[in-house]
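Enquirer: In our numbering, the protein residues as written are 699 to 963.
Backbone N, C-alpha and C fix where the C-beta goes; we use that ideal spot for every residue, glycine too.
My structure is below; once you've seen it, I'll send some questions.
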């Protein structure tokens, strides 16, 4: 858990992740290096900013943007699902043309794959702004390049992570966004089980239930995203489109462009 400090000059709060270099094994060092490399390349209002890295003989300090509103997971767990706000965003999102999946998230335009998108890694910077953070499992990968390492949380894992030897990173992120959207709209996870083995079976079978309270467009959006695609099929579609031309809305407005309403005092 990062510590919170104030900058001397600006008095603005920052989050500082302090790491003991003597306790970092090779795997942790590799993940940390990727996290720093990814965050240094990303400057977007809905992504946690890395301001600087300060190194001493024994410590490593990552000075990051402070998002003090807590996790999206905690918000939904304590205050309930966001179905009303999201349905408004989905029904009113402008445009009627499909867009390629690589435009879903800002990091994808930089060939950065997050690989651990989940409600615990989306943070409220304020009542009106959410930000994606924790790039510890991220990697740089071209749009048609395959990866091998299983990363992230099993409930958010795409079928190909369990099924195939290789996977394409961007589609794994897209699947995780679909799981996240389902959680935001229902307050529960689409795939649930008491063991990882049973969870894997559910994900591979694609068995989940859409609550009837969701609008037709919301259901179509979730179904359109949570589609298991083998790597071979993904590689054949250079511009894989998640949606038809009538549903330009994908996940960006729900997660990044959608802003929570101001709480009325």
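Tell me the DSSP secondary structure of residue 865 in three-state form.
Expert: Here residue 865 refers to the residue found at position 167 of the chain shown. Residue state, collapsed to three classes: strand.
Enquirer: Pull up the distance between the alpha-carbon of residue 849 and that of residue 777, whole angstroms please.
Expert: Walking along the chain shown from the start, residue 849 turns up at place 151. Walking along the chain shown from the start, residue 777 turns up at place 79. Cα to Cα, residue 849 sits roughly 29 angstroms from residue 777.
Enquirer: Whose CA, out of 847, 775, 743, 905, lies closest to the CA of residue 886?
Expert: Mapped onto the chain shown, residue 886 falls at position 188. Cα-wise, what sits closest to residue 886 is 775.
Enquirer: Rounded to the nearest angstrom, how far is the Cβ of residue 811 from that of residue 837, given a contact under 8 angstroms?
Expert: Counted from its first residue, the chain shown places residue 811 at position 113. Counted from its first residue, the chain shown places residue 837 at position 139. The Cβ separation is near 5 angstroms, so the contact holds.
Enquirer: Span of the alpha helix (DSSP H) holding residue 737?
Expert: Counting from 1 along the chain shown, the entry for residue 737 is found at position 39. It spans 724-739 - the alpha helix (DSSP H) in which residue 737 sits, taken as one unbroken run.
Enquirer: Within 6 angstroms: the Cβ of residue 724 and any heavy atom of the ligand FMN?
Expert: This structure lacks the ligand FMN, and indeed carries no ligand of any kind.
Enquirer: Taking residue 894 as the reference, give the member of 857, 920, 819 with the closest Cα.
Expert: The count along the chain shown starts at 1 and reaches residue 894 at position 196. The shortest Cα separation from residue 894 among 857, 920, 819 belongs to 857.
Enquirer: I need the straight-line Cα distance from residue 853 to residue 751, nearest angstrom please.
Expert: Numbered from its first residue, the chain shown carries residue 853 at position 155. Numbered from its first residue, the chain shown carries residue 751 at position 53. Approximately 32 angstroms between the Cα atoms of the pair.
Enquirer: Would you identify the three-state DSSP class for residue 912, choosing helix, strand or coil?
Expert: Counted from its first residue, the chain shown places residue 912 at position 214. Coil.
Enquirer: Can you say whether residue 814 is buried or exposed, counting buried as having 16 or more other CB atoms within 10 angstroms of its CB?
Expert: On the chain shown, position 116 is the one that residue 814 refers to. Answer is buried; the Cβ neighbour count reaches 16.
Enquirer: Can you check whether the CB of residue 831 is closer than 7 angstroms to the CB of residue 729?
Expert: Counting from 1 along the chain shown, the entry for residue 729 is found at position 31. Counting from 1 along the chain shown, the entry for residue 831 is found at position 133. No, they are not a contact pair.
Enquirer: Residues in the same chain with beta-carbon distance under 6 angstroms from residue 780, minus the five sequence neighbours each way, listed in chain order, please.
Expert: Here residue 780 corresponds to residue number 82 of the chain shown, with the count starting at 1. Closer than 6 angstroms at Cβ, skipping near neighbours: 882.
Enquirer: Let me know if residue 911 comes out buried or exposed under the rule of 16 or more other beta-carbons within 10 Å of its beta-carbon.
Expert: Position 213 of the chain shown, counted from the start, is the residue given in the question as residue 911. By the 10 Å Cβ count, residue 911 comes out exposed.
Enquirer: According to the neighbour-count rule (16 or more other Cβ atoms, all chains shown, within 10 Å of its Cβ), is residue 867 buried or exposed?
Expert: Indexing the chain shown from 1 puts residue 867 at position 169. Flag for residue 867 reads buried.
Enquirer: Between the alpha carbons of residue 749 and residue 736, how many angstroms are there, rounded?
Expert: Residue numbering aside, residue 749 sits at position 51 when the chain shown is read from its first letter. Residue numbering aside, residue 736 sits at position 38 when the chain shown is read from its first letter. Each residue's alpha carbon lies about 13 angstroms from the other.
Enquirer: Taking the alpha carbon of residue 819 as the reference point, which residue from 844, 860, 925, 770 has its own alpha carbon closest?
Expert: Translated into the one-based positions of the chain shown, residue 819 becomes position 121. Residue 770 is the option with its Cα nearest to residue 819.
Enquirer: Nearest-angstrom Cα distance between residue 890 and residue 918?
Expert: One-based indexing of the chain shown puts residue 890 at position 192. One-based indexing of the chain shown puts residue 918 at position 220. Near 21 angstroms, if we compare the C-alpha coordinates of residue 918 and residue 890.
Enquirer: In or out: residue 824 buried (at least 16 other Cβ within 10 Å) or exposed?
Expert: The residue labelled residue 824 in the question sits at position 126 within the chain shown. That one is exposed.
Enquirer: Going by alpha carbons, who is nearest to residue 765 out of 741, 754, 747, 727?
Expert: Counted from its first residue, the chain shown places residue 765 at position 67. Checked all of 741, 754, 747, 727; the closest Cα to residue 765 is 747.
Enquirer: Less than 8 angstroms between the CB atoms is what I'm expecting for residue 758 and residue 725, so what's the real figure, rounded?
Expert: Working through the chain shown from its first residue, we reach residue 758 at position 60. Working through the chain shown from its first residue, we reach residue 725 at position 27. Residue 758 to residue 725, Cβ: 16 angstroms. No contact.
Enquirer: Could you pull out every residue in the same chain whose Cβ sits closer than 7 angstroms to the Cβ of residue 966, ignoring the five residues on either side in sequence?
Expert: Absent from the structure is residue 966, since the part of the chain shown begins at 699 and ends at 963.
Enquirer: Grab me the residues of residue 884's own chain with a C-beta within less than 8 angstroms of its C-beta, minus the 5 sequence neighbours each way, in chain order.
Expert: Start at 1 with the first residue of the chain shown, and residue 884 comes out as number 186. Excluding sequence neighbours, residue 884 sits near 779, 781, 909, 912.
Enquirer: Under the three-state reduction of DSSP, which class applies to residue 715: helix, strand or coil?
Expert: Against the chain shown, residue 715 aligns to sequence position 17. Reduced to three states, the DSSP call for residue 715 is strand.
Enquirer: With distances taken Cα to Cα, identify the nearest neighbour of residue 742 among 926, 829, 710.
Expert: Locating residue 742 in the chain shown gives position 44, counting from the first residue. Per the Cα distances, 829.
Enquirer: Let's see if you can read the secondary structure: which residues bound the beta strand (DSSP E) around residue 889?
Expert: Here residue 889 refers to the residue found at position 191 of the chain shown. Unbroken run through residue 889: none, as it is neither H nor E.
Enquirer: Considering only residues of the same chain and omitting the five flanking positions on each side of residue 900, which have a CB-CB separation below 8 angstroms?
Expert: Indexing the chain shown from 1 puts residue 900 at position 202. Once the five neighbours on either side are set aside, the close Cβ partners of residue 900 are 889, 890, 891, 906.
Enquirer: To the nearest angstrom, how far is it from the Cα of residue 717 to the Cα of residue 711?
Expert: Start at 1 with the first residue of the chain shown, and residue 717 comes out as number 19. Start at 1 with the first residue of the chain shown, and residue 711 comes out as number 13. Straight-line Cα distance between these residues: approximately 19 angstroms.
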